[in-house]
Every structure is written in C-alpha cells, then in structure tokens.
Amino acid sequence: MYKIIKKENLAKDTDRFYINAPLIADKAKAGQFVIIRINEKGERIPLTIAGYDRENGVIMLVSLRVGKTTFLLSCLSEGDYILDVVGPLGKPSEIKNFGKVICVGGGAGIAPVIPIATELRRAGNYVISIIGARSRDFVILEKEMREVSDELYICTDDGSAGYKGFVSEFLGEYLEKNIEKSADKKTDISRVVAIGPALMMHAVSEVTRPFNIKTIVSLNSIMVDGTGMCGACRVEVGGKTKFVCVDGPEFDGHDVDFDLLISRQKIYLDQEKESMDIYKHQCGLEMDK
Amino acid sequence: MTGIDREKEFKKEYKKGNESKKEKISRVAMPEQDPAVRNKNFSEVTLGYSEEDALREASRCIQCKNPGCIKGCPVEIDIKGFISLIQEKKFDEALEKIRERNGLPAICGRVCPQEDQCEKECILGVKGEPVAIGRLERYVADREMSREMNHITEGTEKCNMSGVTRECTKEKVAVIGSGPAGLTCGAELAKMGYRATIFEALHKPGGVLVYGIPEFRLPKEIVRKEIDYVKNLGVKVEVNMVIGKALTIGDLFDSGFKAVFISTGAGLPYFMGIPGENLNGVYSANEYLTRANLMKAYCFPEYDTPIIKGRRVAVVGGGNVALDSARTAKRLGAENVYLIYRRSEKEMPARDEEIEHAREEEIEFKLLTNPVKISGKNGRINKVKCIKMELGEPDLSGRRRPVPVEGSEFDIEVDVLVMAIGQGPNPLLISTIPELELTEKGNIKASPVTGKTSMKGVFAGGDIVSGAATVILAMGAGKDAARAIDDYIRTGIL
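Going down the list, the sequences are from chains P and A.
The numbers in this note's numbering rise by one with no breaks, and the one at position 188 of the first sequence is 188.
Start counting at 1 in the second sequence, then tack on 289, and there's your number in this note's numbering.
Spelled out as structure tokens, the structure:
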C-alpha cells in the first residue's frame with residue numbers, strides 16, 4: 001500500500017499525486033516510470049515519474065483522467081492509498097551536456113518533461129522549453145517549467161495563451177528562425193526531447209527530421225507487467241520490434257513507427273468504453289464527455 | 290533399470306503383494322467436469338479423489354522393497370512412505386511425509402508430469418497402470434486445505450496451517466522471484482532457521498503458478514494457501530519489488546543479506562519473427578495468460594483488465610503453455626480454437642493429460658503446420674498464412690526436424706493469435722549484474738548440483754538457469770540451492 005501524501009489539481013481532469021514510496025524515490029531517475037494498480041480488481045497502468053524527493057521518500061505522478069483507472073485514481077485524496085506501485089522501471093533518460101536542447105511537453109506530458117529538463121540543465125545544457133495544451137486552463141506546471149528552463153514558450157490550440165497552434169508548429173518556426181540567425185545555416189540545437197500524446201510526438205519528430213536533430217520521445221504504450229515479460233508494449237523502432245518497458249520508454253523519434261504505436265494504443269478502445277460506461281452507471285456519476 | 294530387470298522386479302514385488310492377499314484392482318479414475326461444460330467455465334477440470342477413491346487407489350501400491358517411484362521424483366518424496374500412511378488412513382501424517390521433501394504438494398499433485406517421473410518408474414506400470422501417485426498427493430494436500438477452509442467459513446480463525454509463524458533467527462538470505470524455485474528455496478531456508486525474504490516483481494507471489502498456469506488447471510486459491518504455508522514457516526514475501534531496479538544485488542548484500550538466490554524464471558516471450566506479429570490481436574502466451582490468470586480478464590468487466598475474446602483463435606506451439614492458451618481461448622468463448630504445431634502429436638512436449646483434455650474440449654489440432662505470415666485489416670489480425678510441414682531427419686533434440694512442404698501454403702481466418710513457442714531468460718535483473726557469467730542463450734551459468742554461480746554468495750536455479758522446464762525441476766533446484774546456501778553461510782566456503 002502506497003500512501004498519497006498530497007494531491008494537487010493542476011488543471012481540469014489533471015492531478016499531481018505525491019506518493020510515499022521511499023525505495024522508488026531513492027532510485028528513480030528522469031525518464032523512468034512506475035506501474036500502478038488502484039485496487040484488487042484494477043488494471044496495471046504505467047505512469048511516467050514526474051518528480052521525486054529522495055530525502056522524503058516521495059515520488060510524484062501526474063495523471064490525466066481518460067479511462068476508468070485514471071478516473072479511479074482521480075477520486076483518491078490525500079491520506080488514501082494506492083494498492084500497488086512498482087518501479088522505477090524502464091531506462092533513464094540519457095543525460096549529458098549536449099549543448100543546446102529543446103524540451104517539448106504536451107498536455108499531461110509536460111509533467112514528466114520537468115525532471116528531464118532539470119537534469120539536462122544541471123548537466124550544463126541550455127534548455128529551451130516549449131509546452132502546449134488545448135487552452136490556457138490546460139497548461140500545467142508553467143512556473144516549474146520556467147524555473148528549469150532558459151527560455152520557455154507556451155502554445156495553445158485556441159491561442160488563449162502564448163502562441164496559437166501546436167507545439168510542433170511552433171517548434172518548426174523556431175528552428176527556421178534559428179537557422180536564419182546562424183552564419184552557416186545550420187541549427188545549433190543538438191537535441192529535442194518530446195513527451196505528450198503520440199500524435200504530438202510524431203509531429204515533433206517530423207518537424208525535426210529535415211533539420212537532422214536527434215529527437216527523443218517517451219512512448220506511452222499499453223503494458224501489463226512492465227518488466228519485459230509479456231510484450232504487450234511492443235513497438236517497431238528502426239524496423240525492429242522493441243519492448244517499451246525494458247528497451248525504452250525513450251526512443252529516437254525518427255525511427256519510431258508511430259502509426260503502429262497509435263494503432264496498438266487503441267486495441268482495447270471498445271472494452272475501455274464498456275468498462276467506463278458500467279462504472280459511470282454504477283456510480284451514477286456526472287461526468288463530462 | 291532395463292525392461293527385463295523391471296519385469297523380474299515386478300514378479301518379485303507382485304508376488305509379495307499377492308501374498309498379502311491384495312485383490313487386483315485397476316487405477317481409480319479421477320472425476321472430471323464434463324468437457325462440454327468445462328470448456329465454458331474456468332473452474333478446475335479435475336475434481337479430485339474422495340476418501341474412498343484415495344484409499345482404494347492407495348491399496349494398489351504394493352510397497353516395493355526397492356521403490357523406483359522415489360528415484361523418479363526430482364525431489365525424492367518418500368512416496369512409498371506416504372502411500373503406506375494413506376493405507377492406514379493417517380492422512381495428516383501422509384501430508385507431513387510429503388512435506389519433508391516438498392513444500393507445495395497441492396500444486397505438484399496437479400501440475401507435475403508424473404507420467405514422466407514417479408509414475409513412470411512405478412512397477413505396476415510394467416503390466417498395467419501405475420499407482421496414481423500425483424492424485425494421491427493432491428488428495429492429502431486438498432484434504433487439509435478443505436478442512437482449513439471450513440475453519441474460515443465457520444469464522445473461527447484465520448488461515449494458519451501450522452499454528453503460529455515460526456521465528457527464524459539465523460542469517461538473512463534474499464530470494465529473487467516467487468515462483469516454484471524461489472518458494473521452495475525460501476521454505477527450505479526457513480526450515481533451517483534462516484531469515485529468508487522472497488522478492489517478487491508482480492503484485493502477487495507465485496510466479497508462473499499465478500500468471501501462467503490457468504485457474505482451471507491450478508486454482509489460484511490453492512496457490513495462495515501453499516504460499517501461506519511457506520509464509521508460516523517464517524519466510525517473508527515482498528511484492529512489487531523489482532530487484533535490479535528498486536534494489537540492486539549490491540544493495541541486498543549491503544543491507545545484510547548473506548546470500549542471494551536468483552530464481553527469476555523464463556520471463557521473456559519469443560516471437561517467430563514473421564510479418565504481422567505486431568498486429569492487434571497477436572499475443573505472446575505470456576501476455577495472454579497473464580491477462581487471463583493474474584489479472585482475471587475472464588472476469589472483465591468486473592475486473593478492469595481486458596482481453597480480446599476472439600471468435601476464431603489460433604495458438605502456435607505444442608507445449609503446456611500452448612495448450613493452456615488454447616483451452617483459455619475456448620473458455621473465453623471462442624467458437625474455433627486451432628492449435629498450430631509444426632511437428633506431429635508424438636513430438637508435442639505437452640503432458641499427455643493436457644493433450645487429451647484439449648481434444649475433449651474441442652481444440653482443433655493443426656499438426657505439421659507452421660505459420661509464415663500474419664495479415665490484418667485496420668491494424669487488426671484477420672488471417673494467418675500457414676505452410677504444411679513434413680518430418681525429416683532427427684535434429685539436436687532427437688526429434689525429427691520439421692521441413693516445409695513447398696507450395697502447400699493455406700490461410701486460416703482468425704481474430705486472435707497466441708504465440709506460445711517458448712520463453713527465454715528475462716534480462717531485466719541479470720543485465721544489471723555484468724559480473725555474473727551467462728550461457729550463450731543468456732541463462733545464468735550455475736552448478737546443477739548446488740546452484741552456485743560465478744559470483745560469491747549468489748546462487749541461481751529454476752528456469753533462469755535451465756531454460757523453460759517444469760515446476761518440480763525448479764523446486765528441486767530451489768531445494769538444492771538452499772542446502773548449498775546453508776553450507777556456504779556456515780563455512781564461508783564456496
């Protein structure tokens with residue numbers, strides 16, 4: 001049993017949980033994830049670690065309410081317990097001084113970018129962050145992101161804050177300008193890290209491809225055990241089958257078969273809806289679409 | 290023993306049996322659920338002996354002077370002894386007799402391949418059918434469990450089979466993985482007084498016993514109770530602990546563990562490497578069975594974990610895991626379940642009983658057949674192209690090598706396909722210990738007698754050493770390692 005020490009609402013349907021898990025907090029590194037199970041009948045889902053406090057033995061998780069499990073999680077409060085939390089799983093992010101890097105976070109994906117940006121900056125990088133969401137109300141953790149970035153840009157689909165458009169569009173324009181400014185017409189950005197919905201990571205990877213900038217994406221596939229035992233999370237990277245849980249979760253975005261990833265993320269769409277409908281009915285909950 | 294020797298032995302032993310005026314009775318069948326009923330539910334297929342059945346079956350044992358059965362048992366249970374106790378109706382003592390050697394009798398009584406072990410060596414098998422040793426083992430174990438279950442329903446006291454949890458005071462030993470090898474090693478160490486802690490990565494202990502072997506062959510309640518027994522011996526079990534991640538082997542030694550036993554199993558699913566394997570609806574057997582068993586996807590939506598319930602399901606492979614997958618698919622409601630195996634039935638590594646049960650449950654065998662390509666529509670599998678095979682010369686395993694028959698391709702329409710072609714060693718832990726010597730296949734190099742590895746204080750056993758094998762062999766390895774760990778801790782000598 002893992003106690004929720006603190007819970008903060010970051011935006012509509014998005015919460016940050018501080019969970020007492022000393023062993024995980026002690027070993028967690030930027031880019032890794034945990035698997036949680038809310039209750040005895042619950043499913044196992046992966047969540048990327050959005051921060052850790054080794055001293056107090058606490059890890060942070062940010063969850064966006066999308067299906068039954070994340071809904072159940074959102075119903076938990078401070079002092080409640082999560083039945084199972086296991087980790088830290090997956091390989092940590094590669095952290096070294098690359099020079100100038102861009103960290104891109106979309107929606108709830110902004111949260112797990114923070115520890116990576118923090119570590120990259122600590123390693124001496126100049127960190128440019130681009131975060132985006134549907135609208136102003138969904139832009140989370142702006143202050144914390146600003147603290148760990150040398151430059152911060154905000155994008156919203158509806159233009160209610162910052163740049164009007166997708167993070168990938170902004171990134172494209174940023175890179176164009178970046179090249180124009182340089183004497184040899186080459187970008188000085190040595191790496192891009194992008195976390196968010198698969199479509200966003202795909203778009204970012206396509207934007208950086210012509211600029212030939214190494215682009216790291218953190219894949220959010222369906223998992224069961226998270227230790228390489230089942231292969232539910234398999235994806236194709238550079239034409240080879242990889243397990244996100246043990247070979248990833250981070251891969252070179254230019255090599256990832258995003259269509260396959262997105263298709264595999266939708267395997268249980270019907271069952272997820274059924275599960276949610278029954279749950280709604282049982283609880284008589286009022287929920288938005 | 291040669292055939293002729295066995296024949297002689299049989300005559301000798303049987304004469305003695307006749308002298309004690311034993312009537313000649315045939316092996317007592319075990320009641321089973323009707324195939325047409327059971328292939329629609331997840332309850333246990335075999336129902337177990339009644340007391341009368343057990344006594345009758347036990348009476349068949351002629352108590353050989355030189356019992357082959359014991360030698361046939363990988364953990365050398367005193368089979369003759371426990372059957373003799375059953376004959377005297379001393380059921381509790383019979384169970385204790387088994388437990389001297391085997392901490393998991395209700396499990397082994399169910400899933401051991403007795404036909405290749407103890408029962409194969411039974412002298413009665415020469416002229417007729419061997420004593421049903423596995424069924425008797427199961428009977429005495431179940432007898433105690435059902436009594437204890439009554440306790441619970443009466444609301445008297447919580448399950449605690451052997452009274453209080455024993456206190457162990459000797460050195461701390463870490464066991465990594467709570468499958469058959471780990472549980473046995475932990476139990477043996479506790480019996481010797483060591484403070485054993487078993488670390489399990491999943492949320493439930495039992496390893497393959499809980500994620501792999503289906504409910505209808507091994508009820509999870511049975512596994513839970515056997516694990517309770519191990520806990521009552523004084524073994525600590527910590528779930529949700531991925532060694533190599535949350536704690537390293539080094540951390541374990543630093544925190545006072547004097548030795549480590551690695552029993553992480555064969556937890557890396559193999560795929561064939563044919564086109565289409567990543568389509569939706571294609572599962573590894575590990576995933577398919579884990580969803581169904583550990584996560585109880587057959588109870589979806591009561592339980593949250595989903596599984597695709599195909600109308601037509603193909604399972605590729607010929608081992609127990611393949612048959613477990615096929616029979617699970619049938620129970621999930623599939624109309625047609627095809628078992629695709631590249632050799633003939635004779636070469637199938639699965640237990641005879643499983644093959645027989647699968648046939649009764651209307652699993653359709655596509656033998657001498659091999660998949661070559663999976664195709665689909667909108668990301669979802671809809672057919673598998675197969676090729677006919679014929680048997681050629683024997684290969685390294687001694688089985689005749691299957692060879693494709695040119696131009697014999699044909700399609701099978703399916704909506705789910707399960708790959709059950711074997712598992713390799715899971716590299717998650719061992720990749721964090723570069724100093725540990727491995728075999729070419731990635732298994733840990735360990736002594737088959739003691740489980741000693743190339744690292745001081747580190748022992749290993751079960752499938753992580755042997756490659757995918759049986760529950761009882763893993764238990765044997767756990768037991769041997771416990772003895773070696775005791776030696777090592779007492780003497781400090783490797």
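C-beta atoms are modelled at their ideal positions from N, C-alpha and C, and glycine is treated no differently.
Task: Range covered by the alpha helix (DSSP H) that runs through residue 74 (chain P) - done: Its alpha helix (DSSP H) spans residues 68-74.
Task: Beta-carbon proximity list for residue 132 (chain P), same chain, < 6 angstroms, skipping 5 on both sides - done: Counting only Cβ-Cβ distances below 6 angstroms, and skipping sequence neighbours, we find 106, 155 and 167.
Task: Selected residue, minimal CA-CA separation from residue 233 (chain A), among A:679, A:551 and A:456 - done: It is not possible to answer for residue 233 (chain A), since the shown part of chain A is limited to 290 through 783.
TODO: Would you verify that the beta carbon of residue 114 (chain P) is, or is not, closer than 7 angstroms to some beta carbon of chain A?
DONE: No Cβ of chain A is located within less than 7 angstroms of the beta carbon of residue 114 (chain P).
Open item on the list: I need the straight-line Cα distance from residue 631 (chain A) to residue 681 (chain A), nearest angstrom please.
Closed with: So the two alpha carbons sit approximately 12 angstroms from each other.
Open item on the list: Spatial neighbours of residue 335 (chain A) within its chain, please: C-beta separation below 7 angstroms, excluding the five flanking residues on both sides.
Closed with: 319 and 321.
TODO: Please decide whether residue 452 (chain A) counts as near chain P, where near means a Cβ-Cβ distance under 7 angstroms.
DONE: With a pLDDT of only 48 at residue 452 (chain A), under 50, the local geometry of the prediction cannot be trusted, and no value is derived from it.
Open item on the list: Taking 8 angstroms as the cut-off, does the segment 466-476 of chain A touch the segment 505-521 of chain A (at least 3 CB pairs, one atom from each stretch)?
Closed with: Result yes; three or more Cβ-Cβ pairs closer than 8 angstroms.
Task: Three-way DSSP call (helix, strand, coil) for residue 640 (chain A) in this model - done: Reduced to three states, the DSSP call for residue 640 (chain A) is coil.
Open item on the list: Quick check on the DSSP output: the beta strand (DSSP E) that includes residue 397 (chain A) runs from which residue to which?
Closed with: Per DSSP, residue 397 (chain A) belongs to no beta strand (DSSP E); it is in the alpha helix (DSSP H), 394-400.
- [ ] Flag residue 573 (chain A) as yes if its beta-carbon sits less than 7 angstroms from any beta-carbon of chain P, otherwise no.
- [x] With 7 angstroms as the cut-off, residue 573 (chain A) counts as an interface residue toward chain P.
- [ ] Check the Cβ-Cβ distances between residue 287 (chain P) and every residue of chain A, and say whether any is below 7 angstroms.
- [x] Bear in mind that a pLDDT of 49 at residue 287 (chain P), under 50, signals an unreliable position, so the number given afterwards is only what the model happens to contain. Taking a beta-carbon distance threshold of 7 angstroms, residue 287 (chain P) does not count as an interface residue toward chain A.
TODO: Consult DSSP for residue 780 (chain A) and reduce its assignment to one of helix, strand or coil.
DONE: Of the three classes helix, strand and coil, the one that applies to residue 780 (chain A) here is helix, per DSSP.
Task: Residues in the segment 703-733 of chain A having any Cβ partner in chain P nearer than 8 angstroms - done: Within the segment 703-733 of chain A, the residues whose Cβ lies closer than 8 angstroms to some Cβ of chain P are 715, 716 and 717, listed in chain order.
Open item on the list: Residues of chain P with CB closer than 9 angstroms to the CB of residue 531 (chain A), please, in chain order.
Closed with: Result: 86, 87, 88, 89, 226 and 227.
Task: Of the listed residues P:208, P:204 and P:225, nearest to residue 499 (chain A) (C-alpha basis) - done: Minimum Cα distance to residue 499 (chain A) is reached at P:225.
TODO: Any chance you could list the alpha helix (DSSP H) runs of at least 4 consecutive residues sitting entirely within the segment 697-770 of chain A, in chain order?
DONE: DSSP runs (the alpha helix (DSSP H)) wholly in the segment 697-770 of chain A: 716-719 and 752-755.
- [ ] Specify the secondary structure class of residue 451 (chain A) as computed by DSSP and reduced to three states.
- [x] At residue 451 (chain A), the pLDDT of 47 sits below 50, so the modelled position is not reliable; the number obtained from the coordinates is stated separately. If DSSP states are grouped into helix, strand and coil, residue 451 (chain A) belongs with coil.
TODO: Below 7 angstroms between beta carbons is the criterion; list the residues of the segment 60-78 of chain P that meet it against any residue of chain A, in chain order.
DONE: Correct list: 68 and 69.
TODO: Less than 8 angstroms between the CB atoms is what I'm expecting for residue 605 (chain A) and residue 757 (chain A), so what's the real figure, rounded?
DONE: 15 angstroms between Cβ atoms; not a contact.
Task: Beta carbon proximity, residue 402 (chain A) to chain P, threshold 7 angstroms - done: For residue 402 (chain A), the answer is no, since every Cβ of chain P falls outside 7 angstroms of its Cβ.
TODO: Taking residue 196 (chain P) as the reference, give the member of P:41, P:73, P:64 and P:55 with the closest Cα.
DONE: Of the listed residues, the one whose Cα sits closest to residue 196 (chain P) is P:64.
Task: contact_flag[the segment 170-182 of chain P, the segment 203-211 of chain P] where n(CB pairs < 8 angstroms) is 3 or more - done: Segments in contact, yes.
Open item on the list: Residues of the segment 235-264 of chain P in Cβ contact with chain A at a cutoff of 7 angstroms, in chain order, please.
Closed with: Residues passing the 7 angstroms Cβ filter: 236, 241, 246, 260, 263 and 264.
Open item on the list: With H, G and I counted as helix, E and B as strand and the rest as coil, what does DSSP make of residue 688 (chain A)?
Closed with: Assigned with DSSP and collapsed to three states, residue 688 (chain A) falls in coil, not helix or strand.
Task: Within chain C, the residues that residue 620 (chain A) reaches when beta carbons sit closer than 9 angstroms - done: No chain C appears in this structure, whose protein chains are P and A.
Open item on the list: Quick check: is any heavy atom of the ligand NAP less than 6 angstroms from the C-beta of residue 525 (chain A)?
Closed with: This structure lacks the ligand NAP, and indeed carries no ligand of any kind.
Task: Close Cβ partners of residue 730 (chain A) (< 8 angstroms) along its chain, the five nearest in sequence each way excluded - done: Answer for residue 730 (chain A): 713, 714 and 756, listed in chain order.
TODO: Just the chain A side, please: which residues come within less than 7 angstroms of residue 41 (chain P) by C-beta, in chain order?
DONE: Ordered by position in chain A, the residues that pass the 7 angstroms Cβ test against residue 41 (chain P) are 591, 592 and 593.
Open item on the list: For the beta strand (DSSP E) containing residue 85 (chain P), name the first residue and the last one.
Closed with: From DSSP, the beta strand (DSSP E) with residue 85 (chain P) extends over 84-89.
Open item on the list: By alpha-carbon positions, which one of P:158, P:121, P:111 and P:102 ends up nearest to residue 143 (chain P)?
Closed with: Of P:158, P:121, P:111 and P:102, the residue nearest in Cα terms is P:111.
Open item on the list: Does chain P have any CB closer than 7 angstroms to the CB of residue 535 (chain A)?
Closed with: Yes, because at least one Cβ of chain P sits closer than 7 angstroms to the Cβ of residue 535 (chain A).
Open item on the list: Counting C-beta neighbours from all protein chains within 10 Å, is the total for residue 271 (chain P) 16 or more, i.e. buried, or is it exposed?
Closed with: Buried is the label assigned to residue 271 (chain P), since at least 16 other Cβ atoms lie within 10 Å of its Cβ.
Task: Of the listed residues P:252, P:122, P:200 and P:233, nearest to residue 570 (chain A) (C-alpha basis) - done: Nearest C-alpha to residue 570 (chain A): P:233.
Open item on the list: According to DSSP, is residue 132 (chain P) part of a helix, a strand, or is it coil?
Closed with: When secondary structure is reduced to three states using DSSP, residue 132 (chain P) falls in the strand class.
Open item on the list: Rounded to whole angstroms, what is the Cα-Cα separation between residue 36 (chain P) and residue 760 (chain A)?
Closed with: Using only the alpha carbons, I get a separation of about 29 angstroms.
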